[in-house]
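**Student:** Starting off with a structure, shown below.
Protein chains: 2
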Amino acid sequence: MAKPLLQTSDLDLYLSRPRNRPFFSEGDPSGAIYQVESGCIRLQKMTEGGRRCVLSFCYPGDVFGLGTHGPEQVDAEAVCSSRVARLGHLGLQRMLQSEPARAMKVIDAAYGGQEAGSEHVVMISFAPAEQKLAWFLDNLGHRLGQSIGDELFVDLPMMRADIADHLGMTFETVSREMTKLRDLQIIDLLGLRKFKIRRAAALQSLALTGSLGAKLCSSRSRSIQSRRESSRMARGPSLATLGHIRLH
Amino acid sequence: MAKPLLQTSDLDLYLSRPRNRPFFSEGDPSGAIYQVESGCIRLQKMTEGGRRCVLSFCYPGDVFGLGTHGPEQVDAEAVCSSRVARLGHLGLQRMLQSEPARAMKVIDAAYGGQEAGSEHVVMISFAPAEQKLAWFLDNLGHRLGQSIGDELFVDLPMMRADIADHLGMTFETVSREMTKLRDLQIIDLLGLRKFKIRRAAALQSLALTGSLGAKLCSSRSRSIQSRRESSRMARGPSLATLGHIRLH
DNA sequence: CGCGCGGTTGAGCGGGTTCAAATAAAGTGG
DNA sequence: CCACTTTATTTGAACCCGCTCAACCGCGCG
Chain E
1 MAKPLLQTSD
11 LDLYLSRPRN
21 RPFFSEGDPS
31 GAIYQVESGC
41 IRLQKMTEGG
51 RRCVLSFCYP
61 GDVFGLGTHG
71 PEQVDAEAVC
81 SSRVARLGHL
91 GLQRMLQSEP
101 ARAMKVIDAA
111 YGGQEAGSEH
121 VVMISFAPAE
131 QKLAWFLDNL
141 GHRLGQSIGD
151 ELFVDLPMMR
161 ADIADHLGMT
171 FETVSREMTK
181 LRDLQIIDLL
191 GLRKFKIRRA
201 AALQSLALTG
211 SLGAKLCSSR
221 SRSIQSRRES
231 SRMARGPSLA
241 TLGHIRLH
Chain H
1001 MAKPLLQTSD
1011 LDLYLSRPRN
1021 RPFFSEGDPS
1031 GAIYQVESGC
1041 IRLQKMTEGG
1051 RRCVLSFCYP
1061 GDVFGLGTHG
1071 PEQVDAEAVC
1081 SSRVARLGHL
1091 GLQRMLQSEP
1101 ARAMKVIDAA
1111 YGGQEAGSEH
1121 VVMISFAPAE
1131 QKLAWFLDNL
1141 GHRLGQSIGD
1151 ELFVDLPMMR
1161 ADIADHLGMT
1171 FETVSREMTK
1181 LRDLQIIDLL
1191 GLRKFKIRRA
1201 AALQSLALTG
1211 SLGAKLCSSR
1221 SRSIQSRRES
1231 SRMARGPSLA
1241 TLGHIRLH
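Going line by line, the protein sequences match chains E and H. Residue numbering for the first sequence follows the numbering used here, starting at 1 and increasing by one per position. Residue numbering for the second sequence follows the numbering used here, starting at 1001 and increasing by one per position.
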């Protein structure tokens, strides 16, 4: 993975939180920027009905804190024991003056630039449960996967209910679809918080088109996703948004 | 409504598009910022399956062009005949130097700061069809409604299918729920592109709690399909994200 | 050991979809 | 302005995916 956007010299302070504790809550003063050092953060919104909606997960290296990734709109909670570096708005102001181009990249990332947020909306709007989960696991594989040989091992930082609240479904359905993917030999479940991607191509096909490409197996016609060839997935650059705006 | 963020002196050029024509498409060069002058723009994503997902509608005064509101992630198309002002990245660069604080507000708006994007995700994830539509119409009322007496008249710039693609449902369901709201005497349908809100309180209650709660408050609170009503602040400014970051 | 939490699995139901047809509105050209 | 076509909306009926409710399993821990 590339070097982190923020270096230790930029940072104001470090924050640690145990599982399920907030780094900030909706309504907190805004303007600071955060970078995940270790663990996993979920950006979420609670409803009075007790419903939770996870807009996004942030993994080590990810930056958040502005817009839909900031305290005006969401809470940020530790999925598991996590550490986060914080750049206060004074520090950001300093960076804007000394290194404006880099500062804009940081700002873009903090708005959610590291992920394709629109993909998420498309998925939870239209995709059937199987495809949603395939999309999520495929992304996780690209993001957190550790290749050993030609197999990809992935640690799941979050529990089923977190995934469910991220994909707009129930944890029972997550569980069912997960075992379905296992039965299809697409993944192996290695304990509750780990899995292995056995057939990455099949998983990706499911994620993108909603069905297993040319090969057989129970295929579902309703396809959703853009058929972008193998390479980049959610993994788009997107950091470049304002990258070319030179300030001096 | 407040004065527009961008003044004529800022702007590079004006663009007009007839219905269903793009202002930009996914993958176009980015960095420019757009402000709606008249009409209505939809920010959307297409899928190979022919499915369309409308992430957001932009009305006169709204600013878009960055992040999930920019060409890296979505297309921008005219819902109806529309006019848009454009501020190229050179102009933005100039503004960043001459009026950094205002430039940051513009940037925040262009990322989607004028709307609560996270609300949209919550709605399409969990809310039932009736509540989704109530939420949408209630928002439209606040945004585009024209009060005459104690009644609120609203022009619908978009067709049912646009609404459906925004709320993650089919246009048939939109139509059904619309007539259901009419039968409940909550709205009146005045032709295809106009309606009147007869009972704003009931509509809001539906939008917020998912049911016609006994009572409600004048300001907007939020919750998804909960039986208990609660009054929190709403309509967060959100433009203020970086507003307090003074550059000089 | 018993308790609790997280996860899996099963049965049944219902909201929203799909398919299909009818109706209404908006163009279009003469 | 009217006949005609096209597009948009309404409405109906049947189906099915995912939800709800509920039981059960497995593991960690006091």
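By construction, the Cβ of each residue, glycine as well, lies at the ideal position given by its N, Cα and C atoms. Small disclaimer: the values here were computed from a predicted structure and weren't measured.
Below 8 Å on the Cβ atoms is my contact criterion, and I expect E:G39 with E:P157 to pass it. Report the Cβ-Cβ distance as a whole number of Å.
**Tutor:** About 7 Å separates the two Cβ atoms, so the contact holds.
**Student:** Could you tell me the boundaries of the alpha helix (DSSP H) in which H:E1119 lies?
**Tutor:** Start and end: 1117 to 1126.
**Student:** From this set, E:Q204, E:L11, E:L5, which residue's C-alpha is nearest E:G91's C-alpha?
**Tutor:** That would be E:L11, whose Cα lies nearest to the Cα of E:G91.
**Student:** Beta-carbon within less than 6 Å of E:K45's beta-carbon, same chain only, minus the 5 sequence neighbours each way: which residues are those?
**Tutor:** The answer, listed in chain order, is C53, V74.
**Student:** Using CA coordinates, which residue listed in E:H89, E:R94, E:E115 is at the minimum distance from E:S250?
**Tutor:** No statement about residue 250 of chain E is possible, as the shown extent of chain E runs from 1 to 248 and does not include it.
**Student:** Does DSSP put E:A164 in a helix, a strand or coil?
**Tutor:** Of the three classes helix, strand and coil, the one that applies to E:A164 here is helix, per DSSP.
**Student:** Considering E:I107, what are the terminal residues of the alpha helix (DSSP H) in which it resides?
**Tutor:** Segment 100 to 108, the alpha helix (DSSP H) holding E:I107.
**Student:** Verify the CB distance criterion: does E:I41 have a CB-CB separation below 7 Å to chain H?
**Tutor:** Output row for E:I41: interface = no.
**Student:** Taking CB distances under 7 Å as the criterion, tell me whether E:Y111 reaches chain H.
**Tutor:** E:Y111 counts as touching chain H.
**Student:** Where are the beta strand (DSSP E) runs, 3 residues long or more, that stay fully inside the segment 1004 to 1045 of chain H, in chain order?
**Tutor:** Segments of the beta strand (DSSP E) lying fully in the segment 1004 to 1045 of chain H: 1013 to 1017, 1022 to 1024.
**Student:** Below 6 Å CB to CB, which residues in the same chain sit around H:A1085 once its five sequence neighbours on both sides are set aside?
**Tutor:** Same-chain partners within the cutoff: L1011, Y1014, Q1035, E1037.
**Student:** Looking only at its own chain, which residues have a Cβ that is under 8 Å from the Cβ of H:L1152, when we skip the five neighbours before and after it?
**Tutor:** G1141, G1145, Q1146, K1196, I1197, A1200.
**Student:** Note down, in chain order, every chain H residue with its Cβ under 9 Å from the Cβ of E:L55.
**Tutor:** The contacting residues are G1117, S1118, V1121, V1122.
**Student:** Considering only their Cβ atoms, is the gap separating E:L133 from E:E177 smaller than 7 Å?
**Tutor:** Contact flag set, yes.
**Student:** Which residues in the same chain as H:G1031 place their Cβ atom closer than 6 Å to its Cβ, once the five residues preceding and following it in sequence are excluded?
**Tutor:** Within the same chain, H:G1031 has close Cβ partners H1089.
**Student:** What separation, rounded to the nearest whole angstrom, lies between the Cα atoms of E:W135 and H:E1130?
**Tutor:** Their Cα atoms are separated by approximately 28 Å.
**Student:** So, does the CB of H:L1216 fall closer than 7 Å to a CB anywhere in chain E?
**Tutor:** Bear in mind that the predicted position of H:L1216 carries a pLDDT of just 41, short of 50, making it too unreliable to give a figure here.
**Student:** Taking 7 Å as the CB-CB cut-off, is H:R1052 touching chain E?
**Tutor:** Answer no: the Cβ-Cβ gap between H:R1052 and chain E never drops below 7 Å.
**Student:** State yes or no: is the beta carbon of E:S125 nearer than 7 Å to at least one beta carbon in chain H?
**Tutor:** For E:S125, the answer is yes, since a Cβ of chain H falls inside 7 Å of its Cβ.
**Student:** So is H:D1165 buried or exposed if we call it buried at 16+ other beta carbons inside 10 Å?
**Tutor:** So H:D1165 ends up on the buried side.
**Student:** Residues of chain H with a CB under 7 Å from the CB of E:A132: which are they?
**Tutor:** A small fix is needed here, since residue 132 of chain E is Lys in this sequence, not Ala. By Cβ distance, chain H contributes nothing, its closest Cβ being about 11 Å from E:K132, past 7 Å.
**Student:** Going by Cα to Cα distance, which pick from E:N139, E:S118, E:A127, E:P100 is closest to E:Y59?
**Tutor:** For the residues E:N139, E:S118, E:A127, E:P100, the minimum Cα distance to E:Y59 belongs to E:N139.
**Student:** In whole angstroms, what is the alpha-carbon distance linking H:R1019 and E:T170?
**Tutor:** Taking the straight line joining both Cα atoms gives about 39 Å.
**Student:** Below 8 Å on the Cβ atoms is my contact criterion, and I expect E:F24 with E:A78 to pass it. Report the Cβ-Cβ distance as a whole number of Å.
**Tutor:** Contact doesn't hold; Cβ gap of about 11 Å is too wide.
**Student:** I'd like to know whether the C-beta of H:K1105 is nearer than 7 Å to at least one C-beta of chain E.
**Tutor:** Cβ-Cβ to chain E under 7 Å: no for H:K1105.
**Student:** Based on Cα-Cα distance, which residue from H:V1106, H:E1099, H:D1028 lies nearest to H:E1072?
**Tutor:** When only C-alpha atoms are compared, the closest one is H:D1028.
**Student:** Spell out whether any CB of chain H is found under 7 Å from the CB atom of E:G65.
**Tutor:** Not one chain H Cβ lies under 7 Å of E:G65.
**Student:** Apply the 10 Å Cβ neighbour rule to E:I148 and answer buried if 16 or more other Cβ atoms are within range, or exposed otherwise.
**Tutor:** Counting Cβ neighbours within 10 Å, E:I148 comes out exposed, since fewer than 16 surround it.
**Student:** Would you call the CB atoms of H:V1174 and H:I1163 closer than 7 Å?
**Tutor:** Cβ atoms of H:V1174 and H:I1163: closer than 7 Å.
**Student:** Anyone know if the C-beta pair for H:F1126 and E:R51 falls short of 7 Å?
**Tutor:** Their beta carbons are under 7 Å apart, which means H:F1126 touches E:R51 by this criterion.
**Student:** Taking the CB atoms as reference points, tell me whether H:G1117 and E:T47 lie closer together than 7 Å.
**Tutor:** The answer is no: Cβ separation not under 7 Å.
**Student:** Return no unless some Cβ of chain E is closer than 7 Å to the Cβ of H:E1027.
**Tutor:** What sits at residue 1027 of chain H in the sequence shown is Gly, not Glu. Output row for H:G1027: interface = no.
**Student:** With 16 other CB atoms within 10 Å as the buried threshold, where does E:T209 fall?
**Tutor:** That one is buried.
**Student:** Tell me the DSSP secondary structure of H:V1074 in three-state form.
**Tutor:** The answer is coil: DSSP assigns H:V1074 none of H, G, I, E or B.
**Student:** What is the DSSP secondary structure of E:Q185, reduced to helix, strand or coil?
**Tutor:** Here E:Q185 sits in coil by DSSP.
**Student:** For H:I1124 and E:V106, what's the separation of their Cα atoms in angstroms?
**Tutor:** In a straight line, the C-alpha of H:I1124 is about 29 Å away from that of E:V106.
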